[in-house]
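The structure appears right after this line, and notes come after that.
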Amino acid sequence: MRKIAALLVLACTPAVGTLMVAQSAPSRSSTLRIPFEGYALPNGLRVVLAPNHASPTVAVTVWYHVGSKNEAAGKTGFAHLFEHVMFTGSGHVPYGVHDRLTEGVGGSNNGTTSRDRTTYYETVPSNYLETALWLESDRMGFLLDTLDVQKLNAQRDIVKNERRQRMDNQPYGLVGEIISNTLYPAGHPYSWDVIGSMADLTAASETDVKDFFRLYYAPGNAIVSIAGDFQPQQAKALVARYFGAFPRGAAIVRPAAPPVTRDRETRLVYEDRVQVPRLVIVWPTVGRGSDDRFALGVLDAITAGPRTTRLTKALVYDRQLATTVGTSQDSDENAGEWRLTITPRPGVPLTDLESAADGILDTLKAEGPTAEEIQRATAGLELDFVNDLESNLGRSMRLADGLGYENDAGSFQTEYQRMMAVTQADVKRVANKYLTKGRVVLSVVPIGKVEMAAKPSESTPYRRTEQ
Amino acid sequence: MTRRALSVVILLFALTGIAALAQATLDRSKPPTPGPTPMLRVPAWTRSTLGNGAELVVSEKHDLPLVSFTLTISGGYNQADPAARRGLADMTAAMMSEGTKTRDGEALAAALQLLGTTVAVRIGGETGAIAFECIASRFPATLDIVADMLVNPSFPPEALERLRAQRLVALVQARDQTGAIASRVFPRLVYGDAHPYGQNITEATLEAITRDDVVAFHRAYFRPGQALVTVVGDVHAAGAKAAIEKALAAWPRGGEKPVFQYPAVAAPRASTIYLVDKPGAAQSTFAIGTTGPPRSTSDYYALQVMNTILGGMFQSRLNANIREEKGYSYGVSSSFAYGKGPGAFRAGGDIVSAKSDAALMEFMKELKGIRGERPITDEELSTAKDALTQRLPGTFASVRSVNTAMVTLWTQGLPDDYYQQYAARIAAVRREDVVRVARQYVDVDHLVIVIVGDRATVEGPLRALGVAPIAITDIEGNPVRP
């Protein structure tokens, strides 16, 4: 991510999308209209237009189907480093102009890189739509005209600072990287962190940047998604004008990143500069292609969060063994993870927390959730969905993700319907299928206190390979 | 007004010749000329007073079936927390979600979950709020629960002990983060222990809070005479008012807006570096600043322009230099807190340890530069003004942001036409105003310079730099004998 204050938003044939929203639990339903239209240019660039005249602003998202999974071993962190390079100016846009014509006119801009995709966006007053398309098309078409090694080196230093700020200098900041390294087998494209290693960042060359750009930053691998206050006819003409002449680009071989299954538990202990230990347990799950992710999402919602949820109620409220409990279900394009994180009350051993949590999850797996638990979990989804789609930026990103991953900009509607349709039996089934002994249990403990780990004698110290 | 005249031509062209537009030769060498600036559409609202004396503002917005509700209380922990029980306001806010006379904590949470919403109760430094966002059809039912939380909280003693224990652990965890340490040490050193702005929550103040304190705080603080209710979204003003009157009928009249009086801040000392050791830190957190003016200052608009040039945007001087040009950081910035009292001016960010000395030199260069050593260019001035005024339309995009805009008028005592007049006020700021407020408020001779980092790496180079004397402090800002 280029800037600290970036939003982490959730993530085309002609169509008008309509989101059915249940207005009050079982009885009535009403229709929320999110109009959008999708089409493709002859050069393969896919386009989504979502007019919304609620305020005189417009969001432009450009979505490239490339992320850290497209990197090779020894070149980790490259996709994200490249994202930074995209802000250093291009053939007709000197460095600094991009900010001047977005943030400098009351808008904003940023980029985000994930395992699967890289997005760039601008929000601007609606009279700057053409300007935003000029900026985005220039770096899609003419980035290499002005690229040099100085620019690369400057961004390399900034990215290293980003890594320090987010991970190395952050208590528990390396948990994500340790989990990725451990959950996936060596060489799996999800086995390294998006930000990459310091050594690989140092090694990235100008040639790497140029090759990467030529392969991945072409219309055939991109989506332009526009939401906000504009006339579709005019937007279509502008997109054709600014992006239509670029060549499609070469065919891309997508890396295989299959979901993983583990037949046994891996236990690790990591010593960090922290005073309070933390227990993290991660199970491998499924990618966006599997509908099990919806039931896993509901399982997440009934397990931790509000005080009515199983683990939070038992560990934080009733037995008071923990100060915080959190779970998350994340499905990337090809594989997913279900994660449990627990912070103990002072003096409570992680071993006890682990067995308490396991007991509660075992009960849930044996009995399944109640009907009311399902109802409580799904009741909030409606508000979440409407909130996500309220801003032009959220709308443009959501539509681009659907088009990029599911080849359907309107996939947010099916997602919503499938989440609402999850049953007690679905949740029981996925809990038993995925929350198995094939998991990673990571204890983060203060330096010199490996004995504070959960089951310390069975846990292996995790050694960082580099700083 | 070149931009506007040209824009009309473009607009006509767009209306009459879209097909021609696509085929016309594309000259990428110049940015496209933007069309006319969109008109600012400030949402309309109705204002009234409830039977119990609370003020009510309703603004209708019907594009999505959403409602944003906020009950704002004037005054915050700086007015209401005793110094020895710092954290009482926050604790009371948290206790409001722990149950009512007819719903225990779990029943309350379940009821809100089934309505698909969460209710946030927060008390900040100078205002507090109970707020939620919901699907419009569920507004009346959610409102009833919020009224119950407001009027009938049960404050169970065991909840107090649980919340206290959670906060004590959070305090310990904050000491692992350089940024969190700087955020405690900086205000304490700028304002001192006698000023509410300088007081921190500690183990001792958390331990001192009793259930009786919470009960008394709630009774004294949540009163309609110092409250504003704002409702924004898919409602009708009359219907919303009737629903709120009914829901809040049991909230007894009383209370008044607090007077915001703060003790004088001691005269600032000569600029000093306060170095807090965080062994092994990969980055040093910098917090550099001093006391600033209240939000009511007549210099507000000039200060906004000045700070935008200095450190309010990505291409502001500080970030352009220290991040983009030098590569010492992932991001640096500056801001004014603009309280009811002398809210701080603060510049800083996280700096790679080995460049702490070089970065401090650049911070000082830019702070001196904005005072006149580096003249403000026409482009800097116009970009800062454009950025400030043209972001206004976007702030009315969501029900929540419209709600925030309404609340801001009330808490800051701003006139009804504040948003309409904003652009003209910013436009009126002259270059000499910017330099004048920089000289007045960016007082480079009296800066508190807090650096939290690995002392073994940074102390020597910082001493060699000689920018200011160095005082070593502990993680609470207390002096440490060398």
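Sequence order for the protein chains is W and A.
Position one of the first sequence corresponds to residue 1 (our numbering), numbered consecutively onward.
Position one of the second sequence corresponds to residue 1001 (our numbering), numbered consecutively onward.
We put the beta carbon where it would ideally sit given N, CA and C, even for glycine.
- In the DSSP annotation of this structure, V1429 of chain A is not part of any beta strand (DSSP E), being labelled neither H nor E.
- Distance from the CA of F385 of chain W to the CA of T1230 of chain A, rounded to the nearest whole angstrom, comes to 23 Å.
- T1070 of chain A and A1129 of chain A do touch by the CB rule: their CB atoms are close to 5 Å apart, below 8 Å.
- Within the DSSP bridge table, the entry for W283 of chain W names W:W338 as partners.
- Here W63 of chain W carries a strand assignment [DSSP, helix/strand/coil].
- Relative to the Cα of T1473 of chain A, the nearest Cα in the group A:V1352, A:Y1328, A:I1322, A:T1272 belongs to A:T1272.
- Residue pairing of L442 of chain W in beta bridges, as defined by DSSP: W:L268, W:V280.
- At a beta-carbon threshold of 8 Å, the residues of chain A lying near L101 of chain W are P1031, ordered along the chain.
- Within chain A, no C-beta atom comes nearer than 7 Å to that of R398 of chain W; the closest sits roughly 14 Å away.
- In this structure, DSSP gives V450 of chain W a helical state, which the three-state scheme calls helix.
- The beta-carbon distance between K1355 of chain A and Y1328 of chain A, rounded to whole angstroms, is 4 Å. This is short enough to meet the 8 Å contact definition.
- The three-state reading of DSSP puts V1467 of chain A in coil, since its state is none of H, G, I, E or B.
- In this structure, W:V105 is the residue among W:A50, W:V105, W:V440 with its C-alpha nearest to the C-alpha of N127 of chain W.
- The continuous beta strand (DSSP E) containing N109 of chain W extends over residues 108–113.
- When the Cα atoms are used, A1320 of chain A and I158 of chain W turn out to be separated by approximately 12 Å.
- Annotation: R1188 of chain A to L1108 of chain A spans about 38 Å, alpha carbon to alpha carbon.
- For P1140 of chain A, the enclosing alpha helix (DSSP H) starts and ends at 1139–1151.
- Using a Cβ-Cβ cut-off of 8 Å, S391 of chain W is close to A1397, S1398 of chain A, given in chain order.
- Contact between E1060 of chain A and H1195 of chain A does not hold, since the beta-carbon distance rounds to 42 Å and is not under 8 Å.
- Remark: C-beta atoms of Q1283 of chain A and D1357 of chain A do not approach each other more closely than 8 Å.
- In the three-state reduction of the DSSP assignment, L1310 of chain A falls in the helix class, which pools H, G and I.
- One Cα belongs to R319 of chain W, the other to L1171 of chain A, and the distance between them is close to 22 Å.
- The DSSP-derived three-state label of A1250 of chain A is coil.
- Straight through space, the alpha carbons of D1090 of chain A and K437 of chain W are spaced by roughly 41 Å.
- Sorting A:L1143, A:A1208, A:V1467, A:G1192 by C-alpha distance to the C-alpha of K1246 of chain A places A:L1143 at the top.
- Beta-carbon to beta-carbon, N109 of chain W and E122 of chain W are separated by about 5 Å, close enough to satisfy the 8 Å threshold.
- The beta-carbon of P1140 of chain A is placed no less than 8 Å from the nearest beta-carbon of chain W.
- Around M1313 of chain A, the beta-carbon contacts reaching into chain W at under 9 Å are D99, E103, G104.
- Scanning chain A for C-beta atoms nearer than 7 Å to the C-beta of N43 of chain W yields nothing, as the closest lies near 14 Å away.
- Residues R1103, I1145 of the same chain have their beta carbon placed closer than 8 Å to that of A1111 of chain A, with the five preceding and five following residues left out of the count.
- Secondary structure within the stretch 126–155 of chain W: not one fully enclosed beta strand (DSSP E) run of 3 or more consecutive residues is present.
- In the structure shown, T202 of chain W falls within a helical segment according to DSSP collapsed to helix, strand and coil.
- Bounds of the beta strand (DSSP E) holding A227 of chain W are 222–228.
- For a Cβ distance threshold of 7 Å, residue set Q1283, Y1330, D1350 of chain A lies close to Q165 of chain W, ordered along the chain.
- With a 10 Å radius around the Cβ and a threshold of 16 neighbouring Cβ atoms, I1123 of chain A comes out buried.
- The secondary-structure analysis by DSSP pairs E162 of chain W with nothing; it has no beta-bridge partner.
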